[in-house]
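Q: Pasting in a structure now, in structure tokens, and then I'll have a few things to ask.
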Amino acid sequence: MSLRVGIVGWGDAGRIHAKHLAAHGARLVGVVSRRPPGTDFPWFRSLEDILPEVDALTIAAPNDLHAGMVLKAVQAGKSVMVEKPLCITRDELRQLELVLPSANVLFHLGYRLRFNDEIRRLRRPKDDWAVPRRVHCSYQLGIDRLAAGKSWIRDPARSGGPFFVLGTHCHDLVRWLCRARGRALTNLAVPDKLQGDFPLQVSLMGWLGETELGISVDMRGNADYRLQITVEWLDEQEPRSVVLSGERPGVREEAEYAGLIGNFVQAAEQGLADPVAITEILQTHRELFDARDKR
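According to this note's numbering, the sequence shown is numbered sequentially starting from 1.
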């Protein structure tokens with residue numbers, strides 16, 4: 001029997017979810033949105049209405065709605081995949097810390113960049129593991145371009161600000177490349193002096209054992225997409241680096257979403273809950289809050 005999935009939110013990301021859910025054999029039960037989706041998919045006006053009808057949910061709503069929806073879905077025993085970030089306030093994080101680790105349901109966060117082939121090649125297999133000296137990720141995407149049609153992104157009370165709009169991708173990647181698996185950074189620092197609720201340039205640094213981790217985010221103006229990841233290994237003379245630019249981003253994103261959604265469907269069908277992965281997600285967000293609060 002096909003996995004019954006509902007989608008919450010019917011913007012660009014929700015439509016991408018629908019496409020890849022169908023491609024991986026899931027049955028789309030319906031869409032939760034403020035207005036009818038304008039398709040043949042059934043329309044549900046609230047999360048509460050769709051929960052009894054589904055085995056799993058994907059959530060593609062604005063950032064400030066993520067935590068509350070995740071809590072309701074998980075407490076109803078449903079598998080969940082939510083676009084990043086998981087939450088944007090410490091109160092939300094505290095509530096999630098009380099529920100997620102003991103919920104025993106599948107929970108995934110929308111870290112689609114983990115499924116980029118070039119980035120995956122930076123990560124050594126478990127049987128060829130060495131300690132990186134340094135891992136750094138920089139992400140540039142102008143807020144004028146990013147917020148086009150999504151005015152809520154400019155409101156830190158709804159988006160969480162730059163650490164949570166783009167920084168979640170960066171911080172996840174540097175931790176994932178190091179196989180952090182929930183370990184906390186030490187000596188967390190914010191090199192830049194942050195001013196205002198929505199500084200357009202932010203960064204953080206910290207240490208994971210012997211490895212220096214760093215991220216930087218630049219959301220100024222109308223700059224095109226550019227992501228750079230550099231990994232320096234103790235046993236290699238030259239660093240490894242990947243640069244993704246704005247050329248043909250749609251093609252690249254489609255492949256990343258195919259991997260993300262396919263992985264979620266397979267895990268949900270097999271009931272593969274991963275408590276360590278949840279621990280990692282929560283720790284990543286703790287560190288982003290620590291960085292955001294260092295003003």
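We put the beta carbon where it would ideally sit given N, CA and C, even for glycine.
Along the chain, where does the alpha helix (DSSP H) containing Q237 start, and where does it finish?
A: First-last for Q237: undefined, no H or E at that position.
Q: Can you tell me whether T284 is buried or exposed, with buried defined as 16 or more other CB within 10 angstroms of its CB?
A: It counts as buried.
Q: Is T89 helix, strand or coil by DSSP?
A: Three-state result, T89: coil.
Q: Looking at the strands, I want to know which residues DSSP matches up with L213.
A: Beta-bridge pairing links L213 to V135 and G206.
Q: Count the CB pairs spanning the stretch 134 to 154 and the stretch 220 to 237 that are closer than 8 Å, and state whether there are at least three.
A: They touch, by the three-pair rule.
Q: Would V70 and L51 be called neighbours here (beta carbons separated by less than 8 Å)?
A: No, the Cβ-Cβ distance between V70 and L51 is not below 8 Å.
Q: Our contact map puts A56 next to V74 with C-beta atoms below 8 Å; I'd like the distance itself, whole angstroms only.
A: Their Cβ separation, rounded to whole angstroms, is 11 Å, which puts A56 and V74 out of contact at 8 Å.
Q: Less than 8 Å between the C-beta atoms of V243 and L122, yes or no?
A: Their beta carbons are not under 8 Å apart, which means V243 does not touch L122 by this criterion.
Q: Can you tell me the Cα-Cα spacing of R252 and R94, whole angstroms?
A: Using only the alpha carbons, I get a separation of about 35 Å.
Q: Return helix, strand or coil for G77, following the three-state DSSP convention.
A: The answer is coil: DSSP assigns G77 none of H, G, I, E or B.
Q: Can you give the Cα-Cα distance for S46 and N63, rounded to whole angstroms?
A: Rounded to whole angstroms, S46 to N63 spans 17 Å at the Cα level.
Q: Would you call the stretch 155 to 172 and the stretch 197 to 207 in contact, with 3 or more CB pairs under 8 Å?
A: The stretch 155 to 172 is in contact with the stretch 197 to 207.
Q: Per the DSSP calculation, E232 is bridged to which residue(s)?
A: Answer is R134.
Q: With a threshold of 8 Å, are at least 3 pairs of Cβ atoms found where one atom belongs to the stretch 18 to 33 and the other to the stretch 75 to 94?
A: No: the two stretches stay apart, fewer than three of their Cβ pairs being nearer than 8 Å.
Q: Considering only their Cβ atoms, is the gap separating G6 from V296 smaller than 8 Å?
A: Nothing about residue 296 can be reported from this structure: the residues present for the chain run from 1 to 295 only.
Q: Pull up the distance between the alpha-carbon of P156 and that of R220, whole angstroms please.
A: Each residue's alpha carbon lies about 15 Å from the other.
Q: Do you know how far the Cα of W43 is from the Cα of L288?
A: The straight-line gap from Cα to Cα measures roughly 35 Å.
Q: Which of helix, strand or coil does DSSP assign to V105?
A: Looking at V105 - three-state DSSP - the assignment turns out to be coil, as it is neither helix nor strand.
Q: In this structure, does DSSP put S33 in helix, strand or coil?
A: S33: coil per DSSP, three-state reduction.
Q: Between L106 and G167, what straight-line distance do the alpha-carbon atoms span, to the nearest angstrom?
A: When rounded, the distance between both Cα atoms is 24 Å.
Q: Do you know offhand how far R4's Cα is from L282's?
A: Near 27 Å, if we compare the C-alpha coordinates of L282 and R4.
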